[in-house]
Each structure stands twice: as structure tokens, then as C-alpha cells.
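Undergrad:
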Amino acid sequence: MPLGRLGVWYPTDRLDGPQLRALLRTIEDSGYSALWYPESRGYESLALAGFLLQHSRGLMIGSSIANIYARDPYTARRGLLTLNGLYDNRFILGLGVSHIPMVEGLRGHRYDKPIPAMRAYLDGLAKDEPDSGSWPVVLAALGPKMLELSAARTRGAVPYNVTPAHTAQAAKILGPAKWLAVEQKVTLETDPAAARALGRKELARYMVLPNYRNSWLREGFTEADLANGGSDRFIDAMVLWGDADTVKAGLRRHIAAGATHVAVQPVHADGDIAARDRILKALADT
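If you count by our numbering, then the sequence shown holds residues 982 to 1267, one letter each, in order.
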């Protein structure tokens, strides 16, 4: 099935079964083409994918990302093929190397160098499978080498916490035939102080992770931008805020830079499901 221009990214670990079903209804009724979800400390990625596919009608469901240290390549392969066989080819397997605390601290594995680890994983995923090149597999790629691997071995990339400038660089590396599905945080808060407070709270968990910090430094942000919760310049780049027209213009900058798909992540106060749904409905026609 085709991957449309606009999707949703949402931290599904916060939601129980009925809340997940309600989210799916909002996304589908608003006209988005896909839901992307992470794998962190809560739901297991492929089990969650089965639930989301079962309770949606036509959405593409994408892992963003499934941690390569959470299951061996053969298991990931069987999960990918099983889900697509049972649910009309609506599952996209997004893979990533995760982060040292999530791999060594939480799972007790050794965190290997990202590029060799991902290359070996893709080798195992595709072993003795001549049709693997057509499978809907994408990589969580930030740096140029992982983007090059995405272009060479998969359907594309799913960058996270990036700007349109990064999107332009990624599009150049991937080429026009690949998917470039970019996540973008948004809020419809028009008060600068309130919007930036939401942004700083949302980004705090990422700002301690070297993979993201290194990516932001490559993009031209400075250590000063990343200190003390993030400068206004940094927060404004990471979380689009303002009225709907302002936020839509920011989303379109990713499209203009070469993104084939933008996954909107609504940022809101904890538990404010009404705000989440207002954001999604307001931006669906971007």
C-alpha cells in the first residue's frame, strides 16, 4: 500500500487498549495515512503492531523504531512477513540501533558500533530471501553513513528530531526513489513561553543521548544551544508552535526540502487527549 504525505507519530506507551483504539479512530477519521510508534520501556514492538493493525481499517502502521537489540534478525523477518501477510501489507518495519542506556543499561546487551551492527542485522534479515529488497523496511538514520546504508539496503529512512535542513541533506543522500519519512513535533500553543516550556519538557529525555546531541551539533547547533534545557533557537526548531497556519507552513518546509512523508507528533500537557486530537484535526489538511 502507498505511504501518503502525512502521518502521525505518537508515544504509544502512554496509552492503554481503549485509548489506543481512540487514537487510531482520530487518526483515520482525520485522513492521515500512517501511525508511527516507538519501542522504549513499554510495549513490545511487533505485538503492539498487531494490535494497531487489528484495530485500524486502512492505516499504514510503522515501527519508529524497533530496536535491533530487542529481537534477532530472523525473528524480525518473520514478524514483518507475518504482519503483512495477515494485515494487507500495511506494516512498515522501521529499525534502529537505539541508545546505550536502552541497550546496555536496560537490556544487558553490548552496544556495538552503529553502522556495522545495522549492516550485520540487515544481512541476517535478508539471508536467503531473494525478494527482501522490496520489503517495507526503513532505518532510523541521522548521520550520513546510516543514511547511505538506508539508501543501499532498504526502502528509506525515518529521521527523528531533525530540521528541514537535515531533511534536504537526507533527501540528497537517499535519492528520489526512497521514502524519507520525517518526524516533526508540533503544538498549537501561541504563547511563546508556554510553547517553549512544552518543548523543553518533551525534549529533555533526548538531550542526554549522544546520538541526538551529535546530530544536532552536525546541523549547526552549539553546545550553548543544548545547555540548560535548550536555547529558544533550538526549541523553536525542534517543536513547531503557533496557530495552525504557522505550524502547517513549518511542516511544508520538510516537504519542500525533499521529505516524502511527514509524521506529525502532537506535543501537549500530560494526559490532555483533547489537545492532542485538536492538533491532529487542525493539521490534517497540511
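Virtual Cβ for every residue (Gly too), placed ideally from N, Cα, C.
Only a predicted model underlies this, so the values are computations on that prediction, with no experimental measurement involved.
1) Are there 16 or more other CB atoms within 10 angstroms of the CB of Ser1115, so buried, or fewer, so exposed?
2) Reducing DSSP to helix, strand and coil, say where Leu1207 ends up.
3) My understanding is that Val1163 touches Thr1148, with C-beta atoms under 8 Å, so please give their C-beta distance in whole angstroms.
4) Name the two residues that bound the continuous alpha helix (DSSP H) containing Leu1261.
5) If I follow the unbroken beta strand (DSSP E) through Pro1247, where does it start and stop?
6) Buried or exposed, going by whether 16 or more other CB atoms sit within 10 Å of the CB of Leu1103?
7) So what does DSSP say about Phe1202, is it helix, strand or coil?
8) Is Trp990 helix, strand or coil when you go by DSSP?
9) Can you tell which of Arg1186, Leu1264, Ile1254, Ile1260 has the C-alpha that lies nearest to the C-alpha of Arg995?
10) Can you name the residues that DSSP bridges to Ser1044?
11) What is the DSSP secondary structure of Glu1164, counted as helix, strand or coil?
12) State the start and end residues of the unbroken beta strand (DSSP E) segment that holds Ile1008.
13) Straight-line CA distance for Gly1031 to Asn1048?
14) For the candidate residues Tyr1024, Tyr1013, Gly1210, whose alpha-carbon lies nearest to that of Leu1179?
15) For the stretch 1089-1138, list the alpha helix (DSSP H) runs that are entirely contained and at least 4 residues long, ordered along the chain.
16) Taking just the CA atoms, how far does Trp1197 sit from Pro1247?
17) Taking C-alpha atoms, which residue in Leu1123, Leu1074, Arg1091 lies nearest to Leu1106?
18) Can you list, in chain order, the residues of its chain with a C-beta nearer than 7 Å to that of Asp1258? Leave out the 5 residues immediately preceding and following it.
19) Would you check if the distance between the CB atom of Leu1207 and the CB atom of Met1219 is smaller than 8 Å?
20) Indicate the three-state DSSP secondary structure (helix, strand or coil) for Val1220 in the structure shown.
TA: Result, derived from the coordinates:
1) Here the question's residue 1115 lines up with position 134 in the sequence shown. Exposed: under 16 other Cβ atoms inside 10 Å.
2) Taking the first residue of the sequence shown as 1, we reach residue 1207 at position 226. The answer is coil: DSSP assigns Leu1207 none of H, G, I, E or B.
3) One-based indexing of the sequence shown puts residue 1163 at position 182. One-based indexing of the sequence shown puts residue 1148 at position 167. Sure, about 5 Å apart at Cβ, within 8 Å.
4) Here residue 1261 is taken as the residue at index 280 of the sequence shown, counted from 1. Leu1261 -> alpha helix (DSSP H) spans 1254-1264.
5) Against the sequence shown, residue 1247 aligns to sequence position 266. From DSSP, the beta strand (DSSP E) with Pro1247 extends over 1242-1247.
6) One-based indexing of the sequence shown puts residue 1103 at position 122. Buried, because 16 or more other Cβ atoms sit within 10 Å of the Cβ of Leu1103.
7) Indexing the sequence shown from 1 puts residue 1202 at position 221. Looking at Phe1202 - three-state DSSP - the assignment turns out to be coil, as it is neither helix nor strand.
8) Walking along the sequence shown from the start, residue 990 turns up at place 9. Trp990: strand per DSSP, three-state reduction.
9) Numbered from its first residue, the sequence shown carries residue 995 at position 14. Per the Cα distances, Ile1254.
10) Locating residue 1044 in the sequence shown gives position 63, where the first residue counts as 1. Tyr1018.
11) Translated into positions along the sequence shown, residue 1164 becomes position 183. The answer is strand: DSSP assigns Glu1164 an E or B state.
12) If you number the sequence shown from 1, residue 1008 lands on position 27. Looking at the DSSP string, Ile1008 is not in any beta strand (DSSP E); the run it does join, the alpha helix (DSSP H), is 998-1011.
13) Here residue 1031 refers to the residue found at position 50 when the sequence shown is read from its first residue. Here residue 1048 refers to the residue found at position 67 when the sequence shown is read from its first residue. Cα to Cα, Gly1031 sits roughly 17 Å from Asn1048.
14) On the sequence shown, residue 1179 is found 198 positions in, with the first residue counted as 1. Considering only alpha carbons, the answer is Gly1210.
15) 1095-1107, 1125-1134
16) By one-based count along the sequence shown, residue 1247 stands at place 266. By one-based count along the sequence shown, residue 1197 stands at place 216. For Pro1247 and Trp1197, the distance between alpha carbons rounds to 21 Å.
17) On the sequence shown, residue 1106 is found 125 positions in, with the first residue counted as 1. The shortest Cα separation from Leu1106 among Leu1123, Leu1074, Arg1091 belongs to Leu1074.
18) For the purposes of this step, residue 1258 is taken as residue 277 along the sequence shown, with counting starting at 1. Within the same chain, Asp1258 has close Cβ partners Thr1007.
19) Indexing the sequence shown from 1 puts residue 1207 at position 226. Indexing the sequence shown from 1 puts residue 1219 at position 238. For Leu1207 and Met1219, no; Cβs fall outside 8 Å.
20) Locating residue 1220 in the sequence shown gives position 239, where the first residue counts as 1. It is a strand residue.
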